[in-house]
Amino acid sequence: MDKESVLDAFAALGQPTRLDVFRLLIKAGETGMPAGDIGEALNVRQNTMSANLAILARSGLIRSTREGRSIRYFANMEGLRGLLAFLMEDCCGGSPELCQPVINELACECG
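In numbering that gives the first Met the number 0, the protein residues as written are 0 to 110.
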């Protein structure tokens with residue numbers, strides 16, 4: 000991920016509703032959520048939610064798939080991985096063992 004993409008991702012997450020959407024989709028995991036369910040869960044109107052989902056999609060943090068007349072959204076784990084890799088690229092001044100606690104905290108123990 001390059002600097003411009005990282006800035007886009009942070010701009011997208013810098014708004015409360017979009018941050019809530021992203022966290023909700025992270026929690027939803029591989030099943031994702033239909034757009035309407037996201038709006039209902041966060042009590043956000045459809046047109047407002049559509050705009051927020053579009054911004055998150057352009058930032059590369061979420062992806063979608065059409066299911067008939069509905070659109071299902073997912074957290075884009077590759078986008079998140081790219082963002083985190085950019086942030087930790089030069090971690091700990093050449094002492095990677097200092098970064099291990101952060102890496103351990105980020106590691107998902109799902110399943």
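Every residue gets a Cβ at the ideal spot worked out from N, C-alpha and C, and that includes glycine. It should be emphasised that the depicted structure is a prediction, and the values quoted were computed from it without experimental measurement.
Cα-Cα, which of Ser63, Leu83, Glu96 is closest to glycine 28? Mapped onto the sequence shown, residue 28 falls at position 29. It is Ser63 whose Cα lies nearest to the Cα of glycine 28.
Identify whether glutamate 88 lies in helix, strand or coil by the three-state DSSP scheme. Start at 1 with the first residue of the sequence shown, and residue 88 comes out as number 89. Here glutamate 88 sits in coil by DSSP.
Suppose contacts are defined by Cβ-Cβ distances below 8 Å. Is leucine 24 in contact with isoleucine 61 by that definition? Here residue 24 refers to the residue found at position 25 of the sequence shown. Here residue 61 refers to the residue found at position 62 of the sequence shown. Yes. Within cutoff.
Residues that DSSP places opposite threonine 47 in a beta bridge: Taking the sequence shown and counting its residues from 1, the one referred to as residue 47 is at position 48. According to DSSP, threonine 47 bridges with nothing at all.
Cα separation between tyrosine 72 and phenylalanine 21? Reading the sequence shown from its first residue, position 73 is the one you call residue 72. Reading the sequence shown from its first residue, position 22 is the one you call residue 21. Going from the Cα of tyrosine 72 to the Cα of phenylalanine 21 covers about 10 Å.
If you reduce the DSSP assignment to three classes, tell me which class arginine 68 lands in. Working through the sequence shown from its first residue, we reach residue 68 at position 69. Reduced to three states, the DSSP call for arginine 68 is coil.
Arginine 104 versus asparagine 51: straight-line alpha-carbon distance, rounded: Here residue 104 refers to the residue found at position 105 of the sequence shown. Here residue 51 refers to the residue found at position 52 of the sequence shown. First, the residue type needs correcting, since residue 104 is glutamate and not arginine in the sequence shown. Approximately 28 Å, taken between the alpha carbons.
For glycine 31, tell me which candidate among Gln99, Cys91, Glu66 has the shortest Cα-Cα distance. Here residue 31 refers to the residue found at position 32 of the sequence shown. Looking at the Cα atoms, Glu66 is the closest of the given residues.
Contact check, asparagine 112 vs glycine 92 under 8 Å by CB: the rounded distance? Residue coverage of the chain in this structure runs from 0 to 110, which leaves residue 112 outside it and unanswerable.
Determine the extent of the alpha helix (DSSP H) in which glycine 38 is found, giving its start and end residues. Along the sequence shown, read from residue 1 onward, the residue named residue 38 stands at position 39. Looking at the DSSP string, the run of the alpha helix (DSSP H) that includes glycine 38 is 34 to 41.
Is it right to say isoleucine 102 is buried, meaning 16 or more other beta carbons lie within 10 angstroms of its own, or is it exposed? Taking the first residue of the sequence shown as 1, we reach residue 102 at position 103. Around the Cβ of isoleucine 102, a 10 Å sphere holds fewer than 16 other Cβ atoms; the residue is exposed.
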